[in-house]
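**Student:** I have a structure here, written as structure tokens, and I will follow up with some questions on it.
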Amino acid sequence: MSHGRRTAALSVRDAASRVEIRLVALPDLLYRITTQADSGLSPRVTGPPGGVRLALTPTGANGPDTVTIELNRTVRWDLNLPAGAGEQHLELAGGRISRIRLGSGAALVRLALPRPSDATVPITIGGAVGELDIGVPDRTAVWFRLHGGAGSVAMPSKVPAPAAPGAIINTHPGTHAAGYAVDIRSTVGALALHN
Numbered sequence: 005m006s007h008g009r010r011t012a013a014l015s016v017r018d019a020a021s022r023v024e025i026r027l028v029a030l031p032d033l034l035y036r037i038t039t040q041a042d043s044g045l046s047p048r049v050t051g052p053p054g055g056v057r058l059a060l061t062p063t064g065a066n067g068p069d070t071v072t073i074e075l076n077r078t079v080r081w082d083l084n085l086p087a088g089a090g091e092q093h094l095e096l097a098g099g100r101i102s103r104i105r106l107g108s109g110a111a112l113v114r115l116a117l118p119r120p121s122d123a124t125v126p127i128t129i130g131g132a133v134g135e136l137d138i139g140v141p142d143r144t145a146v147w148f149r150l151h152g153g154a155g156s157v158a159m160p161s162k163v164p165a166p167a168a169p170g171a172i173i174n175t176h177p178g179t180h181a182a183g184y185a186v187d188i189r190s191t192v193g194a195l196a197l198h199n
């Protein structure tokens with residue numbers, strides 16, 4: 005149960021072919037985690053109250069290695085996925101987040117983000133990503149630091165272009181409003197930001 009909790013943290017310790025995280029209405033629940041009946045992974049949760057540590061244990065089955073994680077949208081979440089995944093789909097626009105950390109890389113990462121309410125939200129991407137797609141509400145400031153560069157960067161109303169290693173991109177120069185600070189520590193094949 006959520007028990008009126010205001011903040012919580014999720015850590016996904018193991019890799020999967022596809023990880024889906026959604027912020028949804030979950031009356032009286034903090035989270036709900038599901039896999040298909042024939043899934044190749046079995047979820048197991050440990051951790052203290054408000055600290056959801058998810059382990060994914062191989063089952064030996066031939067079904068899809070996909071895990072769906074639904075989180076209570078009334079709680080502000082700190083999300084940590086250190087093990088990476090083939091695909092990571094984070095549908096977070098319906099709730100609140102305090103931080104996102106993605107670790108060992110992925111072929112595809114899709115982030116649908118809410119409007120930050122009171123502070124800039126840090127997002128750290130540690131591993132290489134083939135395609136990084138980020139959606140934010142209109143007029144939301146986003147700062148990018150591309151340590152490894154990108155093969156293509158597409159910003160709203162801009163012509164896609166490559167970015168050199170170490171490039172810094174600020175979508176709203178001069179603004180002091182809360183936004184997102186995205187630190188990408190490896191390479192990106194294609195980066196797209198849209199509203």
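Start counting the sequence shown at 5; every next residue gets the next number (the working numbering). Positions of the beta carbon are idealized from the N, C-alpha and C atoms, including for glycine.
1) Distance check for Asn66 and Asp82, CA to CA, integer angstroms please.
2) Using 8 Å as the threshold, is the region 115 to 123 in touch with the region 54 to 68, meaning 3 or more CB pairs across them?
3) Only counting the same chain, and skipping five residues up and downstream in sequence, which positions put a Cβ closer than 6 Å to that of Thr72?
4) Only counting runs of 3 or more residues, tell me where the beta strand (DSSP E) segments fall wholly within the region 16 to 72, in order along the chain.
5) From Gly152, Pro169, Asn174, His151, pick the residue whose C-alpha is nearest to that of Lys162; which is it?
6) Identify, in the order they occur along the chain, each residue of the same chain with its Cβ nearer than 6 Å to the Cβ of Arg26, setting aside the five sequence neighbours on each side.
7) State the Cα-Cα distance for the pair Ile129 and Asp42, rounded to the nearest angstrom.
8) Within the continuous beta strand (DSSP E) that includes His93, where are the two ends?
9) Within 10 angstroms of the Cβ of Ala168, are there 16 or more other Cβ atoms? Answer buried if so, exposed if not.
10) Taking only three categories from DSSP, how would you classify Arg103?
11) Measure the C-alpha to C-alpha separation of Gly54 and Asn199 and round it to an integer number of angstroms.
12) In whole angstroms, what is the alpha-carbon distance linking Pro47 and Leu30?
13) According to DSSP, is Leu117 helix, strand or coil?
14) At the level of alpha carbons, what is the spacing between Ile172 and Leu150?
15) Where does Leu197 land, buried or exposed, given buried means 16+ other C-beta within 10 angstroms?
16) By a C-beta neighbour count over all protein chains shown, 10 Å radius and 16 as the cutoff for buried, is Asp142 buried or exposed?
17) Assuming the contact rule is C-beta atoms closer than 8 Å, Arg57 and Val49 should be a hit. Round their C-beta distance to whole Å, please.
18) Using DSSP's beta-bridge definition, name the partner residues of Asp122.
**Tutor:** The short version:
1) Working through the sequence shown from its first residue, we reach residue 82 at position 78. Working through the sequence shown from its first residue, we reach residue 66 at position 62. Taking the straight line from one Cα to the other gives about 32 Å.
2) no
3) For the purposes of this step, residue 72 is identified with residue 68 of the sequence shown, where counting begins at 1. Excluding sequence neighbours, Thr72 sits near Glu24, Thr38.
4) 22 to 28, 35 to 38, 45 to 50, 55 to 62
5) Residue mapping note: residue 162 aligns to position 158 of the sequence shown, counting from 1. The shortest C-alpha separation from Lys162 is found at Asn174.
6) On the sequence shown, position 22 is the one that residue 26 refers to. Counting only Cβ-Cβ distances below 6 Å, and skipping sequence neighbours, we find Glu74, Glu95.
7) For the purposes of this step, residue 129 is identified with residue 125 of the sequence shown, where counting begins at 1. For the purposes of this step, residue 42 is identified with residue 38 of the sequence shown, where counting begins at 1. If you take the alpha carbons of Ile129 and Asp42, they lie about 31 Å apart.
8) Counted from its first residue, the sequence shown places residue 93 at position 89. Taken as a continuous stretch (DSSP letters only), the beta strand (DSSP E) holding His93 covers 91 to 95.
9) For this step, residue 168 is matched to residue 164 along the sequence shown. Exposed, by the Cβ-count rule.
10) Taking the first residue of the sequence shown as 1, we reach residue 103 at position 99. DSSP places Arg103 in strand when its eight states are reduced to three.
11) The residue you call residue 54 lines up with position 50 of the sequence shown. The residue you call residue 199 lines up with position 195 of the sequence shown. Taking the straight line from one Cα to the other gives about 31 Å.
12) Taking the first residue of the sequence shown as 1, we reach residue 47 at position 43. Taking the first residue of the sequence shown as 1, we reach residue 30 at position 26. Pro47 and Leu30 have their alpha carbons spaced roughly 19 Å apart.
13) Walking along the sequence shown from the start, residue 117 turns up at place 113. Of the three classes helix, strand and coil, the one that applies to Leu117 here is coil, per DSSP.
14) Counting from 1 along the sequence shown, the entry for residue 172 is found at position 168. Counting from 1 along the sequence shown, the entry for residue 150 is found at position 146. Using only the alpha carbons, I get a separation of about 6 Å.
15) Translated into positions along the sequence shown, residue 197 becomes position 193. By the neighbour-count rule (16 or more Cβ atoms within 10 Å), Leu197 is buried.
16) Indexing the sequence shown from 1 puts residue 142 at position 138. Counting Cβ neighbours within 10 Å, Asp142 comes out exposed, since fewer than 16 surround it.
17) Reading the sequence shown from its first residue, position 53 is the one you call residue 57. Reading the sequence shown from its first residue, position 45 is the one you call residue 49. With 8 Å as the limit, Arg57 and Val49 qualify as a contact, their Cβ atoms being about 7 Å apart.
18) Numbered from its first residue, the sequence shown carries residue 122 at position 118. Paired residue(s): none; Asp122 is not in a bridge.
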